[in-house]
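Down below is the structure, laid out as structure tokens.
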Amino acid sequence: AQWVYTFGDGKAEGQSSMRNLLGGKGANLAEMSNMGLPVPPGFTITTEVCTWYYANGRSYPEALASQVETGLAQIGKLTGKVFGDAANPLLVSVRSGARASMPGMMDTILNLGLNDVTVAALALGSGDERFAYDSYRRFIQMYSNVVLEVDHHNFEEILEVYKERKGFTLDTDLSADDWKHLVGEYKRRVEEETGKPFPQDPREQLWGAVGAVFSSWMNQRAITYRRLHAIPESWGTAVNVQAMVFGNMGETSATGVAFTRNPSTGAKELYGEFLINAQGEDVVAGIRTPQNITEVARTAAGSDKPSMEKALPEVYDQFIAVAATLEKHYRDMQDLEFTVERGKLWMLQTRNGKRTAKASLKIAVDLANEGLLTREEAVARVEPASLDQLLHPTIDPKAERRVLATGLPASPGAAQGEIVFSSDEAEALKAAGHKVILVRVETSPEDIHGMHAAEGILTTRGGMTSHAAVVARGMGKPCVSGAGSLRVDYATQTMAVAGKVLKKGEVVTIDGSTGQVLLGEVAMLQPELSGEFATLMGWADQVRRLKVRTNAETPADARVAVTFGAEGIGLCRTEHMFFDEERIVAVREMILADDEKGRRAALAKLLPMQRSDFVELFEIMAGLPVTIRLLDPPLHEFLPHTDAEIAEVAAAMGADPRKLKARAEELHEVNPMLGFRGCRLAVAYPEIAEMQARAIFEAAVIAGQKSGRPVVPEVMVPLVATKAELDLVKARIVAMAEAVMKETGASLDYIVGTMIELPRAALQAGKIAESAEFFSFGTNDLTQTTFGISRDDAASFLNPYLAKGIIEIDPFVSLDQDGVGELVSIAAERGRKTRPGIKLGICGEHGGDPASIHFCEKVGLDYVSCSPFRVPIARLAAAQAAL
Ligand code: PEP
Ligand code: MG
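For what it's worth, the UniProt record's numbering labels the leading residue of the sequence shown as 2, then goes sequentially.
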């Protein structure tokens, strides 16, 4: 088998389509090489080796060693150097590269192959002894840290002590002899810490590094990251071994990162940072403040450090051309890493760049307008769930801003919360219902869980490409990075700025769009949904087949949903209309009444309220379909609990509170979600369904007459298990429609349908469809009853299921397509057989989940219905499902 794929000198054994085998980085290095771009030669050890490694007790396939030797020889041929050679040594970098980029794994080891002998050759070959020993000490530190697990602080401490003793302040003050001396100290420390001398054999170094990459696939951070991003463990990572090029060879050398378009706004402008005379991770590490690449960006940032455009004009021109070529080739915004060695440009990585939702939309729309993508491709490019970011609030421009500090606008949107200084604490407070802002000097992959828990992230160090900025953008969390005037003191859990000291728990607001850090809570505004958002949604609407409705019962929710593009109401939960303080007494009266007369008295109070609710909803929805569900109260939600509540109802009914209390106890249920709810209520007390039907039909007549356009209500019966139940309730509804028509003299159009939310109903859908004119899948209850898992209690026992991999995703979040989905398909098929053209929709929470929407498209439902804020997500997901 081929375990190693080489690249370099204008050709490669791999290409970009081989990402599964070569990882993202390896596949793109091969592709760039094939394109004739300047890529240091190298080879990729495939992800299959990683799989093999774990399947075989952390060992390697037999043929690997010789294939690696061949790869090394090939790099040697192209560079004219020899790995391990004393006189003319080849040095390499070793990097991990999974299919999906994964912070949390071992990243990079540079300068591998250096030892006490080869360092001298490097000094001689480069004519720069200082550079050679600087590279060697970096290698010892990196390798010892990553492979030998010697903590960084060992080396930092040695360096600090040495600088202090010599009276140096900057690393650049150190001479070749200084670094030489420190190399000796570093090696001694490694031996003290590990009990073994620092490995001098380059081949031992190489296999140590390769092993570290594969091992890092299973470290805790990588495992956590995979869980948060649903990346399967089986994918494995590749390892890239590549000839070193040096960005730290003096003033004509540099290293940098760039995006071909602005990753925050999507604007068509090259956006990046670089450092002269620096190596590898110096730019992202936030140790030195990087310089801008373009002159425009430098001016905008008001930086006095020269741009690359000015400092290295020839390399700049070449780089701009390469960036444009890559963007055209990949037809997407690229995230680039490069190094300049003594005036020569080398490309080290290209990949589709991470971006904010706002940038994602703008870039997709722009690329389509530039002719690089079709409109359908543009629609497919935007992650539906990411739209959520755009629906986030921003700071009201009219609000007073008490600015504490200004950092970089690293990830847009505004957030507010209590400040906390550790990720563990952020997670704990979030679990206790607090909103927090995570404040760190800088973040590292160890902070992923804290960043996830926080509303927003604030760091005092690091640029736009720092860990905090990149990860926050990926998560869609507001982030301000590099707010350098803030002083964070972890020991006292305080943050000081401009003579003010803020303690843990004090509230700040961060504005990730301007970089401002503001004191206290500041008024926020809802987002604007025009521009590229509207354009792309328009394109999505042209390709989607599924209709998108909303679950709404309040006028406010219905209005929001309409502005988000809802095409009707798929579920109006009437019980939610009764929680209001004034109404709940009447509802309790109705529930606690011990005869029909008592109930009718309470219902008479509720009728006018219901009627006016429905009139308002019909008016807001202006001709769009509205599905109203009859009362489906898990009774416990309405029962009075306290003596004061009972007394209030007793007074309203003129009843004895003791009798009422006894009645309430009688109605108390052991398992209310499987109790006296849904159509069971209408079967026992038909007068309730009658009141609601009357309110619906009278409202339809009123709204129809007011608007001059007939309103066609869809009346929905919940929690049906048998056709007989539906027939009984439906007869009452039909009779009420007849009565209202007679009383008002108006004619009425309406349909009656049912929820399919019990397994029996799904199986008996063929029979039920004889009476039901539409089905709406209540996948919340259907999931609950199919799994036998209580909706309200699931969290406590689902977590271990997720952790142990028994289920991949919470079935209440994303539809269990195998089990619950099978019931949906069966019901759809049987329903259609009885009543061709029966209208089918879904109104469980899954109606707003992109994966579940794909399933709904496959089964051929007519619409999905979801909460108002998920309507845009559903529109886009429905379009992608149709492509
Ligand atoms: C459902 O069960 O999926 C549903 C939409 O109804 P509810 O959540 O109100 O039970
Ligand atoms: Mg339900």
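A virtual CB, placed ideally from N, CA and C, is assigned to each residue, including glycine.
Computed from a predicted structure; not experimentally measured.
- In this structure, 391 is the residue among 130, 432, 289, 391 with its C-alpha nearest to the C-alpha of residue 476.
- DSSP places residue 780 inside the alpha helix (DSSP H), whose first and last residues are 780–788.
- Below 8 Å, enough C-beta pairs join the segment 802–821 and the segment 777–784 to call them touching: three or more.
- Residues 6, 7 of the same chain have their beta carbon placed closer than 6 Å to that of residue 14, with the five preceding and five following residues left out of the count.
- Between the alpha carbons of residue 40 and residue 137 lies a gap of roughly 23 Å.
- A Cβ-Cβ distance of about 5 Å is found for the pair residue 551 and residue 869, placing them in contact under the 8 Å criterion.
- The distance from the Cβ of residue 779 to that of residue 844 is about 6 Å, consistent with a contact at the 8 Å cut-off.
- Straight through space, the alpha carbons of residue 876 and residue 751 are spaced by roughly 27 Å.
- Burial is judged here by how many other beta carbons sit within 10 angstroms of a residue's own beta carbon; residue 526 has fewer than 16 and is exposed.
- Taken from the Cβ of residue 759, every heavy atom of the ligand PEP lies 7 Å or farther away.
- A distance below 6 Å between beta-carbons, with the five flanking residues on each side excluded, links residue 373 to the following residues of its chain, in chain order: 332.
- Under a 10 Å Cβ-count criterion, residue 706 is classified as exposed, with fewer than 16 other Cβ atoms of the shown protein chains found around its own Cβ.
- DSSP links residue 46 through a beta bridge to 5, 240.
- Between residue 714 and residue 701, the CB-CB gap stays under 8 Å.
- Shortest gap from the CB of residue 719 to any heavy atom of the ligand MG: under 7 Å.
- For residue 417, the enclosing beta strand (DSSP E) begins and ends at 415–421.
- Your pair residue 507 and residue 469 does not check out as a contact, with CB atoms roughly 21 Å apart and the cut at 8 Å.
- Put simply, the segment 796–803 does not touch the segment 849–863. Fewer than three CB pairs are less than 8 Å apart.
- In the assembly as shown, residue 359 is a buried residue. Its beta-carbon has 16 or more other beta-carbons within 10 Å.
- Judged by their CB atoms, residue 689 and residue 604 are nearer to each other than the 8 Å cut-off.
- In this structure, the straight-line span from the alpha carbon of residue 243 to that of residue 44 is close to 6 Å.
- DSSP, read as helix, strand or coil, puts residue 687 in helix.
- Around the beta carbon of residue 516, 16 or more other beta carbons sit within 10 angstroms, so the residue counts as buried.
- Around the C-beta of residue 847, 16 or more other C-beta atoms lie within 10 Å, and the residue is accordingly described as buried.
- The C-beta separation of residue 113 from residue 79 comes to about 17 Å, leaving the pair out of contact by the 8 Å criterion.
- For residue 168, there is no enclosing beta strand (DSSP E), as DSSP marks it with neither H nor E.
- For residue 407, the enclosing beta strand (DSSP E) starts and ends at 404–407.
- Under DSSP, residue 347 shares a beta bridge with 340.
- Of the other Cβ atoms in all chains shown, fewer than 16 fall within 10 Å of the Cβ of residue 669; this residue is therefore exposed.
- In this structure, the straight-line span from the alpha carbon of residue 774 to that of residue 839 is close to 6 Å.
- Taking 8 Å as the cut-off, the Cβ atoms of residue 162 and residue 191 do not count as close.
- If you look at residue 629, you'll find it in the beta strand (DSSP E) that goes 627–630.
- Around the beta carbon of residue 393, a 10 Å sphere encloses 16 or more other beta carbons of the protein chains shown; the residue is thus reported as buried.
- For residue 761, the enclosing alpha helix (DSSP H) has its first and last residue at 760–764.
- Per the coordinates, the alpha-carbon of residue 210 lies some 27 Å from the alpha-carbon of residue 229.
- In this structure, residue 357 lies near residue 264, with their beta-carbon atoms less than 8 Å apart.
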